[in-house]
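Heads up, the thing below is written out as C-alpha cells.
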Amino acid sequence: MTLAILASRALSGADASAVRVETHLGAGLPAFTVVGLPDTEVRESRERVRAAILNSGFEFPNGRITVNLSPADLPKASARFDLPIALGVLLASGQIAVPGARGDVAPQGLQDMVFAGELSLTGALVSAGAPLALALAVARDQPGATMVLPTVSAAVAAWVPGLLVLAADTLADVAAHLAGSAALPAAQPKAWAEAAMPPCLSDVRGQPMARRALEVTAAGRHSLLMIGPPGAGKSMLAQRLPGLLPPLSRLQALEAAALAGLTGSQTVLQGQPAFRAPHHGATAAALIGGGAYPRPGEISLAHHGVLFLDELPEFDRRSLESLREPLETGRVAIARARHTVQYPARFQLIAAMNPCPCGWRGHPGRPCRCTPDQVTRYVGKLSGPLLDRLDLLIELPATGTDCLTEPPGEPSAPVRERVARCRERQQQRQGCANAELQGSDIDACCELDTEGQHLLHQAMHRLHGSARSTHRVLRVARTVADLDEQPRVLVRHVAEALQYRCRLR
Ligand SMILES: [Zn+2]
Numbered sequence: 248m249t250l251a252i253l254a255s256r257a258l259s260g261a262d263a264s265a266v267r268v269e270t271h272l273g274a275g276l277p278a279f280t281v282v283g284l285p286d287t288e289v290r291e292s293r294e295r296v297r298a299a300i301l302n303s304g305f306e307f308p309n310g311r312i313t314v315n316l317s318p319a320d321l322p323k324a325s326a327r328f329d330l331p332i333a334l335g336v337l338l339a340s341g342q343i344a345v346p347g348a349r350g351d352v353a354p355q356g357l358q359d360m361v362f363a364g365e366l367s368l369t370g371a372l373v374s375a376g377a378p379l380a381l382a383l384a385v386a387r388d389q390p391g392a393t394m395v396l397p398t399v400s401a402a403v404a405a406w407v408p409g410l411l412v413l414a415a416d417t418l419a420d421v422a423a424h425l426a427g428s429a430a431l432p433a434a435q436p437k438a439w440a441e442a443a444m445p446p447c448l449s450d451v452r453g454q455p456m457a458r459r460a461l462e463v464t465a466a467g468r469h470s471l472l473m474i475g476p477p478g479a480g481k482s483m484l485a486q487r488l489p490g491l492l493p494p495l496s497r498l499q500a501l502e503a504a505a506l507a508g509l510t511g512s513q514t515v516l517q518g519q520p521a522f523r524a525p526h527h528g529a530t531a532a533a534l535i536g537g538g539a540y541p542r543p544g545e546i547s548l549a550h551h552g553v554l555f556l557d558e559l560p561e562f563d564r565r566s567l568e569s570l571r572e573p574l575e576t577g578r579v580a581i582a583r584a585r586h587t588v589q590y591p592a593r594f595q596l597i598a599a600m601n602p603c604p605c606g607w608r609g610h611p612g613r614p615c616r617c618t619p620d621q622v623t624r625y626v627g628k629l630s631g632p633l634l635d636r637l638d639l640l641i642e643l644p645a646t647g648t649d650c651l652t653e654p655p656g657e658p659s660a661p662v663r664e665r666v667a668r669c670r671e672r673q674q675q676r677q678g679c680a681n682a683e684l685q686g687s688d689i690d691a692c693c694e695l696d697t698e699g700q701h702l703l704h705q706a707m708h709r710l711h712g713s714a715r716s717t718h719r720v721l722r723v724a725r726t727v728a729d730l731d732e733q734p735r736v737l738v739r740h741v742a743e744a745l746q747y748r749c750r751l752r
C-alpha cells in the first residue's frame, strides 16, 4: 500500500466533523509534507510523528511523504492528528501489514475506525483533546464505529453509547492491533464521583409568592426576572432551581459535559442540570462565547441547565442584546474571520435585579436615595425586546427578621415531583415545554373561555403589553393550568399568570 486513508475528527465549535487523513509515499528526494491548510500545531506534529515512529522501533521511510487532511477548510488546530498521520506513514510504507489489504485497497475494517491522539516523542499516546465531543459526533454520524484513542481519553469517550472505544497507550500498540498480532482492550468507562445534592428549597423561609413563581418557572421551563432589595433571597431562590428540574437524559448530560470540558461537570454527568452564574463584569466573549481560539461562553456552559444573571442592568448592554438569539433558537453562532462556529446554548434564563441603583426603593425600613431620573436610567438599561423575552417578572418584598422564625418551607423533592408530572403532561400534549410553544400551537394549547379572554384583554391593555408579551402570559397560564391538572386554561390560571407580569418603573 503506498496510499493509506484513515478517518479522524476535527473540532469545530462543539461539533466534531469528519476528516480524512490521506498519506501517500512516493519516490523522490526525502520529504515530509502536510497539506490541507494546517495550523502551526499540525506542522509541529510532523516532528513528533517522525520521532515517535523512530522511537517505536520502526523506520522513517526514505521517500516523498505527502499527508493531506481533507476537507481543507476545516479548522485543524490540534495535535490529535498525530496518531492517524503516523499510522498512515507506517501503512503506506508497508511497515504494518494489515490482514486483507492488497495493493492500494484499504482493508475493510479500517473504514469503520476513527483515530485520534497526540503522540509524545517516545511514541506514547498522550490525549485526544475533547474526547466526549468527538465520541458524540462519531456515535451520531457512524453508529457502531470503532474509535481508537489514548487510554485517558478513551475512558471518557466510553461513556457514549453506541460505539466501540479501544484504549491504546502507544503507537506500537495500535500498529500491533492493526496487524492483528495483539488486540487493543475495550476502554473502561471512567468512574463518576458522587455528586453533591443541589441546595434545598426548605432553606428559603417566607416568600410564598416567589416560591410559587419558581415552581411555575421550573414546570414550564420559563424564564424569570426577580426584582427585590438586597437580602430578599433572589440568589437563594435561583440556586434552588436546578434541584426542581427533571434530571437530564443521558445524551443531554453528555452534551452538556462535552461543552463544559469535563471540569466541574461531575454533577451534570449524573443528570443534574448545570447552574451558571457569571458576574456582571463578564466580557461578551466570556458570556456568549468567542476569543481567538473560540471557546463556549457561559450560555453554552449552561446548556440544558440554568443561567443566572444577578444584577441584570449592570451587565454590558451589548451582551444582553446578544442573548436574544440563543433564547429563541437554543444556539449561538460566533463569526470568525474565516468561518463561523456554533455552540448549543439551550439554557433557562433566571435574572435578578434591585428595584433601583441603591437597592432600597420601596423598602419599609430603609430610605432610598435615588432620584427618579436615576431609577428610570437604571431600569432603562434593559431593552424592551429583552424584557419581552422574559416570561415571569415578579417583585420580592423585603424580608424582615421575622421570617427567620417562620417554619422551613416545603423541601425541593415534592416540588420536583409536581414539576416532573407537569412536564410529562406538556410532553404528551405538544412534544415540548410550554415556554417553547410557538405560533398556532399557542392558540391550540392555550385556548381561553370568554371570561379568560376578557380578563387577558383588559390586563394587556392596562399593561400596554405587546403581542409577544400576551403570548408569554398565555404560556405561563398554560403551565399554571397544568400544575392544577386542568385540560383547559381557566380564568383563575390567567389571573395567576398576570400576577407574574409586574411592571418595571
Ligand atoms: Zn434607591
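Numbering (this note's numbering), first residue to last: 248 to 752. Don't be surprised by glycine CBs; every beta carbon is placed ideally from N, CA and C.
Out of the options, which one is the CA nearest neighbour of residue i?
i	options	result
Pro602	Glu558, Ala251, Arg452 and Leu567	Glu558
His708	Cys679, Glu462, Arg668 and Arg750	Arg750
Arg636	Arg571, Ala645, Gly577 and Gly341	Arg571
Ala438	Leu710, Pro655 and Thr514	Thr514
Phe562	Leu633, Ile312 and Ala363	Leu633
Leu484	Leu413, Asn681, Leu366 and Val451	Val451
Ser340	Leu316, Ala274 and Ala380	Ala274
Thr420	Gly577, Pro277, Phe305 and Asp688	It should be noted that the sequence gives Asp, not Thr, for residue 420. It is Phe305.
Ala714	Arg725, Ile689 and Val727	Ile689
Thr270	Thr313, Ala319 and Val282	Thr313
Glu694	His711, Gln674 and Val723	Val723
Pro455	Pro654, Ala680 and Gly686	Pro654
For residue i and residue j, I'd like the C-alpha separation in whole angstroms.
i	j	result
Arg672	Leu730	9 Å
Val336	Ala402	27 Å
Ala422	Leu334	7 Å
Glu743	Gln595	21 Å
Val266	Ile546	28 Å
Asp351	Cys669	Residue confidence is low: Asp351 scores 48 on pLDDT, short of 50, so the model does not pin down where it sits. No coordinate-derived value is stated.
Arg748	Arg565	25 Å
Ser264	Gly656	49 Å
His551	Val738	32 Å
Ser255	Ala682	39 Å
Arg497	Leu379	13 Å
Gly577	Ala278	47 Å
Pro436	Leu413	11 Å
Gly536	Ala549	12 Å
Ala507	Phe522	12 Å
Glu502	Arg542	15 Å
Met360	Thr393	5 Å
Leu321	Val626	44 Å
Arg735	Arg676	12 Å
Leu396	His711	59 Å
Thr398	Phe307	25 Å
Applying the criterion that 16 or more other CB atoms from any shown protein chain within 10 Å of the CB defines a buried residue, is residue i buried or exposed?
i	result
Gly606	buried
Val666	buried
Pro520	buried
Asn309	exposed
Asp329	buried
Gly678	exposed
Val680	Looking at the sequence itself, residue 680 is Ala, so the reference to Val does not match. Looking at its Cβ environment, which holds 16 or more other Cβ atoms inside 10 Å, Ala680 is buried.
Ala443	exposed
Gly544	buried
His704	exposed
Exercise for review: Could you name each continuous alpha helix (DSSP H) segment of 4 residues or more that falls completely within the segment 684 to 710, going from the start of the chain to the end?
Suggested key: 686 to 692 and 697 to 709
**Study point:** Segments of 3+ residues assigned as beta strand (DSSP E) that fall wholly inside the segment 333 to 417
**Key:** 360 to 362, 393 to 397 and 411 to 415
Review point. How do the segment 513 to 531 and the segment 689 to 699 stand: do at least 3 beta-carbon pairs fall below 8 Å, yes or no?
Key: no
Check your understanding: Hey, is the segment 577 to 586 in contact with the segment 460 to 474, meaning 3+ C-beta pairs nearer than 8 Å?
Key -> no
Practice item. Please specify which runs of the beta strand (DSSP E), each continuous and at least 3 residues long, are wholly inside the segment 574 to 633, giving them in chain order. Key: 578 to 582, 587 to 591 and 595 to 600
Check your understanding: Which runs of the alpha helix (DSSP H) fall wholly inside the segment 645 to 679 and span at least 4 residues, in chain order?
Key -> 659 to 677
Practice item. Assess, as a yes-or-no matter, whether the segment 294 to 303 is touched by the segment 248 to 257 under the definition of 3 or more beta carbon pairs within less than 8 Å. Key: no
Check your understanding: Using 8 Å as the threshold, is the segment 381 to 388 in touch with the segment 406 to 422, meaning 3 or more CB pairs across them?
Key -> yes
Review point. Does the segment 476 to 493 come close enough to the segment 353 to 372 that 3 or more CB-CB pairs lie under 8 Å?
Key: no
Check your understanding: Which whole runs of the alpha helix (DSSP H) in the segment 510 to 581 are 4 residues long or more, in chain order?
Key -> 513 to 516, 531 to 535, 545 to 548, 564 to 568 and 571 to 576
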